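First comes the structure, then the notes that go with it.
4 protein chains.
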Amino acid sequence: MVTGIHEECGVFGIYTNKTSDVAAQTYVSLYALQHRGQESCGIVVNDDGVFSYHKDVGLVNQVFDKETLERLGKGNIAIGHVRYSTTGNCNASNAQPLVVRHIKGPMAIAHNGNLTNARELREQYENKGMIFHSTNDTEVISYAITEERLRAPSIQAALEKAMYRIKGAYSLLVMSPTKLIAARDPDGFRPLCLGKIDDGYVVASETCAFDSIGAEYIRDLKPGEMIVIDKNGVNSITTHCGKKGTICVFEYVYFARPDSVIEGSSVHMARLRAGKYLWREHPVDADIVIGVPDSGLDAALGFSQESGIPYGIGFIKNRYIGRTFIQPSQTERTNSVKIKLNAISSTVKGKRVVMIDDSIVRGTTSGRIVKLLRDAGAKEVHVRISSPAFIAPCYFGTDIDSKENLIACKMTNEEICEYIGADSLGYLSVESVKKLAGNSKCDFCVGCFTEKYPIEVPKDMPKDKFESKISEKK
Amino acid sequence: MVTGIHEECGVFGIYTNKTSDVAAQTYVSLYALQHRGQESCGIVVNDDGVFSYHKDVGLVNQVFDKETLERLGKGNIAIGHVRYSTTGNCNASNAQPLVVRHIKGPMAIAHNGNLTNARELREQYENKGMIFHSTNDTEVISYAITEERLRAPSIQAALEKAMYRIKGAYSLLVMSPTKLIAARDPDGFRPLCLGKIDDGYVVASETCAFDSIGAEYIRDLKPGEMIVIDKNGVNSITTHCGKKGTICVFEYVYFARPDSVIEGSSVHMARLRAGKYLWREHPVDADIVIGVPDSGLDAALGFSQESGIPYGIGFIKNRYIGRTFIQPSQTERTNSVKIKLNAISSTVKGKRVVMIDDSIVRGTTSGRIVKLLRDAGAKEVHVRISSPAFIAPCYFGTDIDSKENLIACKMTNEEICEYIGADSLGYLSVESVKKLAGNSKCDFCVGCFTEKYPIEVPKDMPKDKFESKISEKK
Amino acid sequence: MVTGIHEECGVFGIYTNKTSDVAAQTYVSLYALQHRGQESCGIVVNDDGVFSYHKDVGLVNQVFDKETLERLGKGNIAIGHVRYSTTGNCNASNAQPLVVRHIKGPMAIAHNGNLTNARELREQYENKGMIFHSTNDTEVISYAITEERLRAPSIQAALEKAMYRIKGAYSLLVMSPTKLIAARDPDGFRPLCLGKIDDGYVVASETCAFDSIGAEYIRDLKPGEMIVIDKNGVNSITTHCGKKGTICVFEYVYFARPDSVIEGSSVHMARLRAGKYLWREHPVDADIVIGVPDSGLDAALGFSQESGIPYGIGFIKNRYIGRTFIQPSQTERTNSVKIKLNAISSTVKGKRVVMIDDSIVRGTTSGRIVKLLRDAGAKEVHVRISSPAFIAPCYFGTDIDSKENLIACKMTNEEICEYIGADSLGYLSVESVKKLAGNSKCDFCVGCFTEKYPIEVPKDMPKDKFESKISEKK
Amino acid sequence: MVTGIHEECGVFGIYTNKTSDVAAQTYVSLYALQHRGQESCGIVVNDDGVFSYHKDVGLVNQVFDKETLERLGKGNIAIGHVRYSTTGNCNASNAQPLVVRHIKGPMAIAHNGNLTNARELREQYENKGMIFHSTNDTEVISYAITEERLRAPSIQAALEKAMYRIKGAYSLLVMSPTKLIAARDPDGFRPLCLGKIDDGYVVASETCAFDSIGAEYIRDLKPGEMIVIDKNGVNSITTHCGKKGTICVFEYVYFARPDSVIEGSSVHMARLRAGKYLWREHPVDADIVIGVPDSGLDAALGFSQESGIPYGIGFIKNRYIGRTFIQPSQTERTNSVKIKLNAISSTVKGKRVVMIDDSIVRGTTSGRIVKLLRDAGAKEVHVRISSPAFIAPCYFGTDIDSKENLIACKMTNEEICEYIGADSLGYLSVESVKKLAGNSKCDFCVGCFTEKYPIEVPKDMPKDKFESKISEKK
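Chains as they are written, first to last, in this note's numbering: chain A, 327 to 800; chain B, 327 to 800; chain C, 327 to 800; chain D, 327 to 800.
Here is the structure:
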């Protein structure tokens, strides 16, 4: 809410050896992954080859009720998905998982990420007479798999070949009548992990989903790895020679839930570290350190621990403001942030305050939050950002925008500091951000901070022609 | 409601030379065509190449409200669709029009009918790596068009070729960024007609849609004809050498609205004739003739006119019972027809009654209606059916069922008469039913009455494998 | 729909000797009474003294679903209500039955009618410190009963006394923890009848409700009669010395369902008679007689029978246009009646047509319907109205409006005829309208046709001050 | 959520000197007060004497949308209400504000609190023939005011007299056609404060509502004070000789938002103090202090500050679990708290943990939270509760339950400690809890901790007879 940067999706899959409540388990898990996508969601249940699904625009608690869950019924495999997209394209036909029939029967796909060659592939398929119902990369992926399936002896063999055709970021779940397959792109941009339940296995974007259903975390999928879960158990296939991978570092800074563990590294600990490094890089004489809720709280605590400056609770975030909040036109003049966030005067009054946030995009919101503190009596406000400044768009599954919307592309640090009304401003260095997940076995993508990407990116990132041509209005 | 036989669909299209309220015109027209399909509906608006659409499960008044109509906005072309299907498969993803993107851009399709080679074509496409999102014939048609479009110089050229690949019944609307195309299968199973408005043209399943928006009826499309409406006006293309065509005779008996004119013949007049012929074929000594509302009323009047037996109003139909009526379990023992239909005692008490209905499917409902009359005091009840007995399924776009559900496949006329509790029973002859639309220029399909079809039909009519495998539960 | 005149309400009550599905029976019966009120509805179930209820704005099929019916559960007594009111005051808090607690426990009231001294009583109660939640007469009635209950030995004794305080039109159901009481005002303005079921009794505004649940009609309540149904059976109490009563004649002309029998007289037969008398009073040389659906159909048949001019089906009414229909602004210029009603050209083309309708209010709609016929090719259109002209408002439970909205207060017959574009116009005489229900035992209120009312009416009929002051916006 | 103790209500009122967006301001303020009541809400707008309202079951964002807000329109006075009640009685007819008409015109009332003599008053009014629509105390209050208004020269004079008749806890807003009146019971059980906006005044349960709309806090109403806001400004009336008052101490511990200031004392600071005192009373050797979100966080920080034990973030609370969450039956065996709350293993693993929560009711939830920590690897778990143990019910507007549901009435501290699986357990003393709001000018009600109440309480607290007799099922 505060940053305006969004993860695109979260995925969950479950395989059990006997018919069970896979829909209910998926439902609970999607709640745990809701922070990864609040636009639409869906569940597909596989009951011995018969696929049933329900998906729609809305939060998990809006899309699913007792009746829809009951109608999904029981099964032995299921996959689920939560999705975010910018408001304009928020429509039911883009909700996932995608359920299609191809030559070998039904198939369901749930996808987190963004292909860099989607447009190219789409054109190839169109030139063969294929039609597209949506603007989802997922539909492109389904064609890539289906095309290979014509020759390949199995769905996993088809997916393996398809993984050499599609490029970019993808953490993917594919459900066939008898199998649950999970795959992660060779660079491992997005997380994906495997867990164990009594009677089978689960796969999820983050470990917090496992905790919610009492599953045991086994391991993260390796970059380029594909695992096939069926009646023979779990089978791993390595593609792309096992590259080391470059996970999105912003997963640690903001996207993931602090209670998740990604690539062996606790997200909460990574954020504490961000605070520590921030102090080391940008120390300041102050009376109290506060975090902007929710994602700034951990880094604020780390900053406090390292600096010795007392930690304080400086803001209350209104938990009831949701998508349906109507900004009354009459109050638009006023500080709209006030409705969502309120400063605690008794914490900051007369004090020199260090305020930790995870990022600055356009600067408007940051400026309003600083003003909240000044109005509440803060004597000084020193802003510290627990990541480097955004200077380039993301091509790998988030909505970090084009340069014209990024304040750091247009102003110097000093200018930003003045613009947001802070007494001082410090960003975490790129060097430090790479050290947040200290013990993790992978490298990191920091493209949005450096404009240097691990893999080739499209020259331009035009909005899909089709997207502007067809809009479902719901 | 009473017969349990359903038309599958109704279509409407509009082309105007300047941007106008095409969504509103389509909305009003779909109301007029609602009797052709009550399951789902949709509208696609084309504003200079930008397609906007809204479709969902429900009646027109449930799916569209002020907000959705406003969001569809203005445009210069639009198509709309109303759809019926059996309850089980009633889901949003099967709602039409179908909107896809193919190699040349966006395309929208609305379809009334049923292909006889859909399964065969589907398999061919799957073998080329194509995927299917639904079990609609419409998706098969979109592939047939798209495949040809790879080579054809225009959308109409592609559709023309596709019309030689797809077989069966189809009255089709195709909207491209700049054109509205309407096509009717070479046998003309389903109606489709062209009309004129101030600033352009309209196409609809029935003329009653024209009346509702003040459009002027021009003519019916000919069997096998395709017309292209664009900035150059209306252009006609004849395919399949201009066969004579065999329209579904049941359109006159039951499906179409009495105020429509199909193939130059008034539906109301056809039904009056059905009553006249019925009297000639099955005269009876009686005091009053009544029709089962709504579709039996016209034939009852014709029977009265020909016989001289007074016409009476024998039933009141409850106008408020809809899809959402909950049959209370406790009253199931009782005559459930009573809730929907009530006999007017003062009309029938102590009288010998001729009761006209359009058809008998399983016989249960007919039996209950006869009982209503007896309970209301009728001395004798002579049932006359304004069409021949169903003895075979329909393969051309209606849900006339397999033989095991048709009472006339299992009983003789005498047995049926006894089963429904009538004093006498008479069906209209096949010979007479063919004369209903006396002056129309085409022949008729009477396959459901004779098991002799105008074109080859599939040996079996299995439920699609996919259909039972994927069910969207909404 | 076509006339724009509305009945205000319908009521239903059921008493059974053992716990049963009283909610389901009431639900089915409210469907049968839906024509008496389409704004809001409600059901109160009494399970051995515990009252449960559900009521809301909407049709029966919108307000009640499986879940709400199940939650109402079983019981031994229940009452239900359907309500109409002008759009502005359509809100949930006015929905009935009214459920309150007074000194002796809970009480539920359902009311059809209109008090003439409501304002006077309301002021009296306010002067004693009473508060009002709504602008319903029903709340006034509940105070009248409660006030008497302080002294009276039983609820029926209290109601009996209250019946001498409240004046005007009321057909009333009162449910106490152990009793179902029905009462009809001493003039019997609105119908109310008693029926028998296996295990108890039912009371309803019209007999069509009895038919829908298989109940047996016993008799109409007499004007001024009160009946108490409890474990001792049915007990009748006569108040006001058994006046003869003057039922609203428009119940026969338009409000009631044709299959109902009121005061021993069939509504359908009354309408046939209206047609017969119309011919006698206003004969015309013509080729065909048609009725405006639905309420003009019976009179048209009577006119045809008496005159020998053939009866025809001249219009199709769209059954799917409901309250939610959005009149697209662009089509407002055009004939809006076209969307709801279409003329059957083959019936009227080139003919001299007699068109029967039940009433003319402002004349606008009638004019549009006449135009439909002319556009469809009618050579002459002779309008015959099956009731006298409205010249005065109704104070007894319908919304027949103030004089400025009644065309007959402003124009002569000739002027109206010209205004609506008819070739001739004839109204039924007051004398004849009183003979419609020939064999009924009561007199008739014809105040809206004569401005002579059976009882004193308020001098002015101002909108309630409160009504304009408090509006619930839902 | 975690404690299971609920405040009953929150109120807001606004008076402006000219017609303005009072509905929008009230809407925003109710968001800020949402934590005080999540069952139902409502807004009444007064536009120069014309009252418009909307209220329903649901959260503010569910009950109000763009359309409902627009329909409420503009005005110069408005009041709003959020309400909590136990699930069973959650129905629309109990939603507030209550809008009624009495002898002098319309009146709207919003109420936070609980009367101790409601039943007695209700019986008195029933004996005078009054009827009740709900089981709200608010309806009783409206009768008390109306009764006095018969003799009193003004609404404020009537309310003043009524304040001597009603007993118990009430923070009350009354809106007449021209005035906004606020009143607080003589003991000041519930908070109520006055603020200033550009063009008028606002009144709210908590100051956080003022912050959200940019209003300036002026002061709290004094116990027994009534203030009248009209075109003459603010007028204060003192009743009951200005008692000192005993505000509910649990407002500071749990109910109020930490950013609110009540009786001059910051809620956040009060909770920090609770943590400090807890350490002094129940010190423990430990490695980390964590709070149960959200209400335990402040006290945990205070405990850390006082003890020097590091503060940690030990839990993540799922922000998306709401009222509509469906507990899948299959997972009921498992720890249901897991879905709402997850422990951060990296914070607690291998550590001796102090866990701060605000209260223990039945002990079940506390036990599950302790288990979460153990499962996450905590070596020791020391539970500290930032209030004394509940041993008696509350009669003043919260749902602190009867003794049989309070674990502290049935077990010793040691037994509770064992029951919840903690290594040690310490409650804050009654003495300390009274010092939380150190600088506040009032005394405190600690009846739920001591069974000694500031005023007489009813002998028994029976469920209202009517409540069990009438249940609206929605």
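Quick reminder that beta carbons are idealized off the backbone N, C-alpha and C, glycines included. As the structure is a computational prediction, the values presented were derived from the model and not from experiment.
Under the 7 Å criterion on CB atoms, Gly455 (chain B) is classed as interfacial with respect to chain A. For Asn372 (chain B), the uninterrupted beta strand (DSSP E) segment begins and ends at 366-373. Annotation: Arg409 (chain B) to Cys519 (chain B) spans about 18 Å, alpha carbon to alpha carbon. The C-beta of Arg445 (chain A) comes no closer than 7 Å to any C-beta of chain B.
DSSP, reduced to helix, strand and coil, places Tyr578 (chain D) within a helical segment of the structure shown.
When beta bridges are read from the DSSP output, Leu506 (chain D) appears opposite D:Met501, D:Ile555.
In the structure shown, Phe377 (chain D) falls within a strand segment according to DSSP collapsed to helix, strand and coil.
With its beta carbon at least 7 Å from every one in chain B, His407 (chain C) lies outside the interface. Residue pairing by DSSP places Phe641 (chain C) opposite C:Ala669 in a beta bridge. Annotation for Cys519 (chain D): no alpha helix (DSSP H) segment contains it, though the beta strand (DSSP E) segment containing it runs 519-523. Rounded to the nearest angstrom, the gap between the Cα atoms of Ile573 (chain C) and Asp524 (chain B) is 52 Å. Scanning D:Ile588, D:Ser586, D:Val783, D:Val426 for the CA closest to the CA of Ser502 (chain D) turns up D:Val426.
Residues of the stretch 530-548 of chain D whose Cβ lies closer than 8 Å to any Cβ of chain A, in chain order: Cys534, Asp537, Ser538, Ile539, Gly540. At least one CB atom of chain A sits nearer than 7 Å to the CB of Phe458 (chain B).
Taking C-beta atoms as the reference points, Val554 (chain B) and Ile507 (chain B) count as a pair closer than 7 Å. Counting only Cβ-Cβ distances below 7 Å, Arg583 (chain D) has contacts in chain A at Ile642, in chain order.
Restricting attention to A:Glu741, A:Leu385, A:Ala704, A:Asp611, the CA atom closest to the CA of Arg688 (chain A) is found in A:Glu741.
Under the DSSP assignment, Ile652 (chain D) falls outside any alpha helix (DSSP H); it carries neither an H nor an E label. A Cβ-Cβ separation of about 20 Å leaves Thr472 (chain C) out of contact with Asn420 (chain C) under the 8 Å criterion.
Assigned with DSSP and collapsed to three states, Asn402 (chain C) falls in strand. For Thr345 (chain B), the uninterrupted beta strand (DSSP E) segment begins and ends at 335-346. Ala626 (chain D) and Ile682 (chain D) do touch by the CB rule: their CB atoms are close to 4 Å apart, below 8 Å. Of all residues in the stretch 460-483 of chain A, those with a C-beta nearer than 7 Å to a C-beta of chain B are Ser468, Tyr469, Thr472, Glu473, Leu476, reading in chain order.
Secondary structure within the stretch 403-477 of chain D: the beta strand (DSSP E) runs of 3 or more consecutive residues, fully enclosed, are 424-428, 431-441 (chain order).
Sequence-distant Cβ neighbours of His608 (chain C) in its own chain, meaning closer than 7 Å and more than five residues away, are Arg710, Gly752. Ala358 (chain C) carries a helical assignment under DSSP once its states are collapsed to helix, strand and coil. By the criterion of a C-beta distance shorter than 6 Å, Arg491 (chain A) is surrounded in its chain by Ala470, once the five residues flanking it on both sides are discounted.
Using a Cβ-Cβ cut-off of 7 Å, Tyr357 (chain C) counts as an interface residue toward chain B, since at least one Cβ of chain B sits closer than that to its own.
If you draw a straight line from the Cα of Lys569 (chain A) to the Cα of Gln360 (chain B), it comes to about 59 Å. Per the coordinates, the alpha-carbon of Phe377 (chain B) lies some 44 Å from the alpha-carbon of Arg362 (chain C).
In the structure shown, Glu741 (chain D) falls within a helical segment according to DSSP collapsed to helix, strand and coil. For Lys569 (chain A), no CB of chain D lies under 7 Å from its own CB, so it is not counted at the interface with that chain.
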